[in-house]
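Some notes on the structure that comes next.
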Amino acid sequence: MKRCYFFLLFVTIVVLFLSCSINKPIVTGETGITIDHSYTRIDAIPMSWIRKAKSDLIIAYGHTSHGSQLVTGMQGLVNFKGIIYSFNETGEDSALQLRDTPFDGAYDLGNPDFTAWATATRQYLDAHTEVNVVIWSWCGEVSNADSTDIITYLNLMNGLEYDYPSVKFVYMTGHLDGTGLNGNLHLRNNQIRIFCSVNNKILYDFEDIESYDPDGNYFGDKLADDGCNYDSDGDGIQDANWAREWENAHPGEWYDCAAAHTEPLNANQKAYAAWSLWARLAGWEGI
4 MKRCYFFLLF VTIVVLFLSC SINKPIVTGE TGITIDHSYT RIDAIPMSWI RKAKSDLIIA
64 YGHTSHGSQL VTGMQGLVNF KGIIYSFNET GEDSALQLRD TPFDGAYDLG NPDFTAWATA
124 TRQYLDAHTE VNVVIWSWCG EVSNADSTDI ITYLNLMNGL EYDYPSVKFV YMTGHLDGTG
184 LNGNLHLRNN QIRIFCSVNN KILYDFEDIE SYDPDGNYFG DKLADDGCNY DSDGDGIQDA
244 NWAREWENAH PGEWYDCAAA HTEPLNANQK AYAAWSLWAR LAGWEGI
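So my numbering is basically just the index in the sequence shown, starting at one, shifted up by 3.
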């Protein structure tokens, strides 16, 4: 009971701190969306909502190598599960319209700095008013970010939501880096999660998705990193790889793809979660 009390107190303090740090009025959604490891079952998404997403969404996605895992996984999914999951830059042939890295002046949420992406987003949206979804990913910047850097991110995202109310902006956590639950990466990601949860934002939880295998086994507390390596025996040394273990035990249940920094299965999971996100944005109530 005491532990629960202190956790709730911690969350309350964090929420008050974040709220006081946001420049514009906080945009609060009617219903928040969190896409995490529970949304990595591709067959759970009704085909009607896949088609709805393809017909309704025009997505602009900014990223560098880690963020490319979503796109690489989605490309492989077309061969694995069929053309229903097709996507391209224009929406031609009834595909999902996903504009991959269309922004000028920024590469990801931390490159070249923690603010350039927001300026690039505004310039792009002003010139492309048809876009109705914007999503940016981190590379490795969250690992070395401090709480002020994350507040800057949240502030800029909220400002975009305030100024472009017809666009859905997707928040994202940073990738695993092997530092565990007490590492800066996890703490900063929790900062993002709390803000999104309290204010009903839309979150693609990159860290959480790559913390679980498809059977629901959790590796986030085992020094897991972005390559799916983890400490199997608690000695503080990464000595196993959960993705390769699962792939070897489940032939035919995953597909190969050349994912940056990681194993194919991780990109599979990222693609399944991405399609869950698109379906939720199109109106699907979820699992």
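In this text, a Cβ means the ideal position worked out from N, Cα and C, and glycines have one as well.
Which whole-angstrom value is the C-beta distance of residue i and residue j, which I expect to be below 8 Å?
i: Ala56; j: Leu206; result: That belief does not hold up - the Cβ atoms of Ala56 and Leu206 are roughly 18 Å apart, past 8 Å.
i: Ile290; j: His40; result: Not quite, the Cβ-Cβ distance comes to about 11 Å (not below 8 Å), so this is no contact.
i: Ile61; j: Val136; result: 7 Å
i: Tyr165; j: Val30; result: 5 Å
i: Ile45; j: Trp278; result: 6 Å
i: Ala274; j: Gly76; result: 3 Å
i: Ala246; j: Cys231; result: 4 Å
i: Ile33; j: Asn187; result: As written in the sequence, residue 33 is Glu, which differs from the Ile given in the question. Actually they do not touch by this definition, with Cβ atoms about 33 Å apart.
i: Gly65; j: Thr104; result: 6 Å
i: Thr124; j: Thr155; result: The pair is not a contact, with the Cβ atoms about 14 Å apart (cut-off 8 Å).
i: Ile38; j: Leu268; result: Not quite, the Cβ-Cβ distance comes to about 18 Å (not below 8 Å), so this is no contact.
i: Thr43; j: Pro217; result: 7 Å
Look up residue i in the DSSP assignment and say whether it is helix, strand or coil.
i: Tyr165; result: helix
i: Ala130; result: helix
i: Ile240; result: coil
i: Ile197; result: helix
i: Ile205; result: strand
i: Ala246; result: helix
i: Phe1; result: Nothing in the structure corresponds to residue 1, since the chain is present only between 4 and 290.
i: Phe172; result: strand
i: Ala63; result: strand
i: Ile38; result: strand
i: Asp216; result: coil
i: Asp46; result: helix
i: Asn114; result: strand
i: Tyr88; result: helix
i: Tyr258; result: coil
i: Asp152; result: helix
i: Asp180; result: strand
i: Asp96; result: helix
i: Asn26; result: coil
i: Asp228; result: strand
According to the neighbour-count rule (16 or more other Cβ atoms, all chains shown, within 10 Å of its Cβ), is residue i buried or exposed?
i: Ala131; result: Strictly speaking, residue 131 in this sequence is His, with Ala absent from that position. By the neighbour-count rule (16 or more Cβ atoms within 10 Å), His131 is not buried but exposed.
i: Asn82; result: exposed
i: Ile53; result: buried
i: Ser214; result: buried
i: Ala261; result: exposed
i: Met160; result: buried
i: Gly108; result: exposed
i: Pro28; result: exposed
i: Tyr221; result: exposed
i: Glu210; result: buried
i: Leu226; result: buried
i: Gly239; result: exposed
i: Glu133; result: exposed
i: Glu250; result: buried
i: Glu266; result: buried
i: Trp242; result: Residue identity differs from the one stated: residue 242 is Asp in this sequence, not Trp. Asp242 should be labelled exposed.
Within the continuous beta strand (DSSP E) that includes residue i, where are the two ends?
i: Arg102; result: Leu99 to Asp103
i: Ile138; result: Val136 to Trp139
Grab the span of the alpha helix (DSSP H) containing residue i for me, first residue to last.
i: Tyr275; result: Pro267 to Ala285
i: Val81; result: Ser71 to Lys84
| request: Assess, as a yes-or-no matter, whether the stretch 56–72 is touched by the stretch 136–143 under the definition of 3 or more beta carbon pairs within less than 8 Å. | output: Judged by Cβ distances under 8 Å, the stretch 136–143 makes contact with the stretch 56–72, as three or more pairs qualify.
| query | Quick one: any contact between the stretch 105–118 and the stretch 145–161, if contact means 3 or more CB pairs under 8 Å? | reply | yes
| query | So, do the stretch 85–100 and the stretch 165–181 have three or more beta carbon pairs nearer to each other than 8 Å? | reply | no
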